[in-house]
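So the structure is just underneath, and the comments pick up after that.
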Amino acid sequence: INLSDNQIKLIDQNAFSHASNIILLNLATNRIKDLSFLKSVPPIAKLNLNSNEIESLHDHLFDSLCYLSHLDLSLNKLKCITNKQFNTDFKCSLQNIDLSKNHIEIVESNVFESFYSLEVIDFGENRLKKIDSRLFSKLKLLKTLNLCKNPLESIIDNETNLSPMFHLPKLTNLDLSYSNIKKLCKGSFEGLPNLLTLKITDCQIEFKLATLDENGNCTTGITRHYDSAADWELSSSNYKYTWNRTKYLN
Numbered sequence: 009i010n011l012s013d014n015q016i017k018l019i020d021q022n023a024f025s026h027a028s029n030i031i032l033l034n035l036a037t038n039r040i041k042d043l044s045f046l047k048s049v050p051p052i053a054k055l056n057l058n059s060n061e062i063e064s065l066h067d068h069l070f071d072s073l074c075y076l077s078h079l080d081l082s083l084n085k086l087k088c089i090t091n092k093q094f095n096t097d098f099k100c101s102l103q104n105i106d107l108s109k110n111h112i113e114i115v116e117s118n119v120f121e122s123f124y125s126l127e128v129i130d131f132g133e134n135r136l137k138k139i140d141s142r143l144f145s146k147l148k149l150l151k152t153l154n155l156c157k158n159p160l161e162s163i164i165d166n167e168t169n170l171s172p173m174f175h176l177p178k179l180t181n182l183d184l185s186y187s188n189i190k191k192l193c194k195g196s197f198e199g200l201p202n203l204l205t206l207k208i209t210d211c212q213i214e215f216k217l218a219t220l221d222e223n224g225n226c227t228t229g230i231t232r233h234y235d236s237a238a239d240w241e242l243s244s245s246n247y248k249y250t251w252n253r254t255k256y257l258n
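Using this note's numbering, the letters of the sequence shown map in sequence onto residues 9 to 258.
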């Protein structure tokens, strides 16, 4: 069902109760604020609520949406995502959730606790300054995480000294670009064995030449060596002159 690009403000709670064969419900670009009608929506796979006027989500939203695989809530006015809103007793099938371009400042720590199937999360262009280290801890299938254009100051939780991205074995794409991150601390990307793409474009990070070498001796940060080798393979892990990679960017 495609009802996008209208001026819909209110949907009766039983509007879709007898539409048992819906796969996709597209309500994008309307003026919807109240989502209480979702309690009577039959099982659907995809729900698009992009570009509405939604300011909050009701508690136990996913009790009636446990078969949903794709949810788009981007371009709304959400400010806070709470545990109660996403709390459900059902096993959820959600794989892709888009919460980008809202006004989100707070995401509580156990929001995704029941969403083991999530592969894509988009929090881009919100107002997040910090992220709880437990937020993504159960998402072992997560592949893509977008946090770009948030005023994030650090990706290390000061309370636990852990990164919220800690031990996400399937994560391949991480976007932290256009944030306020000034420093990448030790352990920022620990436990991400399959990370292929990391975007940190236009952050506040400054790269400086080292002033102390591995042995604590003063250095200009530049060392010169004569070597007869004319070809260096990028895959090589045995560069003779490489400093400790956990402390230096060679």
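Every residue gets a Cβ at the ideal spot worked out from N, C-alpha and C, and that includes glycine.
- In this structure, DSSP gives Lys-47 a helical state, which the three-state scheme calls helix.
- Annotation: the continuous alpha helix (DSSP H) that includes Asn-91 extends over 91–94.
- Note that the C-beta distance between Glu-116 and Lys-137 is not below 8 Å.
- Contact between Leu-102 and Phe-131 does not hold, since their C-beta atoms are separated by about 15 Å, which reaches or exceeds 8 Å.
- Membership of Ile-105 in the beta strand (DSSP E) is indicated by the continuous run 104–106.
- Taking 4 residues as the shortest admissible run, the stretch 176–223 contains no complete alpha helix (DSSP H) segment at all.
- With contacts defined as CB atoms closer than 8 Å, Leu-73 and Leu-55 qualify as a contacting pair.
- In chain order, Leu-35, Asn-38, Arg-39, Ile-40 place their CB closer than 8 Å to the CB of Ile-16, counting only its own chain and leaving out the 5 sequence neighbours on each side.
- The three-state reading of DSSP puts Asp-140 in coil, since its state is none of H, G, I, E or B.
- Considered as a whole, the stretch 14–68 harbours 32–34, 54–56 as its complete beta strand (DSSP E) runs of no fewer than 3 residues, in chain order.
- Per DSSP, the unbroken beta strand (DSSP E) holding His-78 starts and ends at 78–80.
- For Asp-165, the secondary structure class from DSSP, reduced to helix, strand or coil, is strand.
- A straight-line Cα-Cα distance of about 7 Å links Leu-176 and Ser-145.
- Looking at the DSSP output, Cys-100 shares a beta bridge with no other residue.
- The residue among Ile-164, Ala-23, Glu-127, Leu-81 with its C-alpha nearest the C-alpha of Leu-147 is Glu-127.
- Within a 10 Å sphere around the beta-carbon of Glu-198 sit fewer than 16 other beta-carbons, which makes this residue exposed.
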